[in-house]
Ligand code: SF4
Ligand code: SF4
């Protein structure tokens, strides 16, 4: 039996909201017993895109993080439910039974990821089902995954070493959003936004972008890394840990070296660095 999961590649997500809209299209106004009743037209985000602005002008980026039910192996929503109202299918999908869960508002509060929504009208908690009704009908993936134009959402069998998701996990550093919850989540991420240190190097004597300048990063717990500035004189170290101190050294033959200390409480843009 397959064990389903999703690998979200944040580096590919462009925030188009197709996944969110496909979820709405699939579930609003449509009941899929025994897995779900219709999603209300407003207020629910079974697939939600978290937008986070990073950096400051002129170095600004937006990180989009799709957030959905993590289909946890150690699911607090299952423990919080009465009468077996929340259960895990043999394929790993966690389902809220819309009949048994009537009135059980405590299920909403049990999810530390806050991905369960209360349906006031029907008096039930609701969330993403990985489109279990479609998988049962022979679909290979949920609607959100099918419509993602960027390859940011990848669905498959985590137990099959040849599946795309298993191969992505084997060849990339994947993480869950909250490892400290210890829920054994079946949705994991590539490229979760962390911190960056960036800057722009200029040759002072020529007033030109400084291309091919060596920029070396060192700091607590990081392997020393040297990169080169691009043809705009820009450099960027991505995926750095938050709340750390790093040193950035700028070197180019014929110019004085410069060194900066950067603390990653926030993303850091060192500004224009003039070589003299
Ligand atoms: S993410 Fe929340 S709703 Fe989904 S299985 Fe885990 S605890 Fe339950
Ligand atoms: S459809 Fe894909 S690219 Fe668009 S917001 Fe969703 S995950 Fe990101």
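Numbering (the numbering used here), first residue to last: 898 to 1173.
Glycine is no exception: its CB is placed at the ideal position from the N, C-alpha and C atoms.
Where residue 987 is concerned, there is no enclosing alpha helix (DSSP H), because DSSP gives it neither an H nor an E. Taking every protein chain shown into account, the CB of residue 1124 has fewer than 16 other CB atoms within 10 angstroms, so this residue is exposed. Cβ-Cβ separation between residue 1040 and residue 935: approximately 15 Å, too far for a contact (criterion under 8 Å). Residue pairing for residue 1096: DSSP places it in a beta bridge opposite 1132. The beta carbon of residue 973 sits closer than 6 Å to at least one heavy atom of ligand 1.
For residue 898, the CB stays at least 6 Å from every heavy atom of ligand 1. Residue 1078 has its alpha-carbon roughly 12 Å from the corresponding atom of residue 970. Taking residue 1115 as the centre and dropping the five residues before and after it, the same chain places the C-beta of 1121 and 1144 closer than 6 Å to its C-beta, in chain order. With respect to residue 1020, residue 1005 sits apart: the two C-beta atoms are not nearer than 7 Å. Residue 973: member of the alpha helix (DSSP H) spanning 973-977, first to last residue.
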